[in-house]
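For what it's worth, our numbering labels the leading residue of the sequence shown as 1, then goes sequentially. All C-beta atoms, glycine included, are put in the ideal place defined by N, C-alpha and C. If you're wondering where the values come from, they're calculated on a predicted model, not measured in any experiment. Presented below is the structure to which this report refers.
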Amino acid sequence: MKIGSSQRVSGRSYLDGQCLIAMPGMTDTRFSRSVVYICAHSEDGAMGIILNKPAPDTRFPDLLVQLDVIPSEELIRLPSQAERMQVLRGGPVETKRGFVLHSSDFFLESATLPIDNGICLTATLDILRAIAIGSGPENAVLALGYAGWGAGQLESEIQSNGWLHCAADPALLFDDGIETKYHRALHKIGIDPAFLSSTAGHA
């Protein structure tokens with residue numbers, strides 16, 4: 001059995017709204033054991049958000065103050081959703097820029113990108129303000145930076161068995177079980193992580 005042979009980009013042209021799962025042999029350490037949600041994919045390239053790498057020493061309430069979204073004295077009034085909002089290391093590109101991946105119950109004209117199955121991406125301060133006052137989306141995570149691929153690059157990596165892919169679901173995107181997302185993503189496509197590790201690099 002060739003791991004990944006049935007998971008290549010066949011049956012659909014692009015992977016918008018799908019999750020990539022890094023193979024154990026991934027040579028780029030920035031993506032080791034990563035689960036990446038693909039926000040955009042076309043003949044020009046692809047863009048995604050890493051879902052299972054927390055941003056080190058970074059809290060959402062602190063970012064709200066740093067970005068002048070709210071004054072520090074307003075922190076005690078933050079809704080519980082904002083208090084527990086995850087901040088992810090979304091990828092190695094534009095690491096100082098924030099991207100909010102969220103449910104489609106929040107939408108800003110000319111600012112929100114609908115992706116697939118009720119999932120959207122917004123990269124403006126307006127959504128942070130909305131979350132801070134309790135009028136934001138029901139489900140959301142903030143990613144600092146993103147993962148990007150040039151034209152044909154992602155397809156080449158998949159063909160070289162660098163990535164598997166699976167359907168996304170709200171738990172993979174939004175729940176706080178970050179440490180289990182890699183194994184859960186593999187289980188979605190019927191792969192035992194222990195078996196994958198032992199056969200990596202073999203046909």
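DSSP-derived helix/strand/coil call for A171
Helix at A171.
Which residues mark the beginning and the end of the beta strand (DSSP E) in which Y146 is found?
Residues A140 to W149.
Complete runs of the beta strand (DSSP E) confined to the segment 61–140 [at least 3 residues]:
You should have 87–89, 93–103, 112–116 and 119–122.
Return helix, strand or coil for L160, following the three-state DSSP convention.
For the sequence presented, residue 160 should be read as Ser rather than Leu. DSSP places S160 in coil when its eight states are reduced to three.
Tell me whether the beta-carbon of L63 lies closer than 9 Å to the beta-carbon of G98.
Yes, the Cβ-Cβ distance between L63 and G98 is below 9 Å.
Could you have a look at G201 and say whether DSSP puts it in helix, strand or coil?
Because the pLDDT at G201 is just 46, under 50, the model does not fix this residue reliably, and the point stays unresolved.
Cα-Cα separation between A22 and R184, rounded to whole angstroms:
A22 and R184 have their alpha carbons spaced roughly 13 Å apart.
When P54, V35 and R77 are compared against G17, the one with the closest alpha-carbon:
That would be V35, whose Cα lies nearest to the Cα of G17.
Identified DSSP bridge partners for C166
Its beta-bridge partners are C19.
A46 (DSSP reduced to helix, strand or coil):
Looking at A46 - three-state DSSP - the assignment turns out to be strand.
Own chain partners of E157 with C-beta closer than 8 Å, once the 5 adjacent residues on each side are dropped:
Excluding positions up to five away in sequence, the list reads W149 and W163.
With a Cβ-Cβ cutoff of 9 Å, do L128 and L142 count as a contact?
The Cβ-Cβ distance between L128 and L142 falls below 9 Å.
Limits of the unbroken alpha helix (DSSP H) element including Y182:
Run containing Y182: K181 to K188, per the alpha helix (DSSP H) assignment.
For L15, count the other beta carbons within 10 Å of its own beta carbon; 16 or more makes it buried, fewer makes it exposed. Which is it?
L15 is buried by the Cβ-count criterion.
Give the DSSP bridge partners of Y37, in chain order.
The partner list for Y37 (beta bridge, DSSP) reads C19 and I49.
Alpha-carbon spacing of V100 relative to P92, whole angstroms
Distance between the alpha carbons of V100 and P92 is about 16 Å.
Those residues which DSSP pairs with P54 across a bridge:
Answer by DSSP bridge pairing, in chain order: L88.
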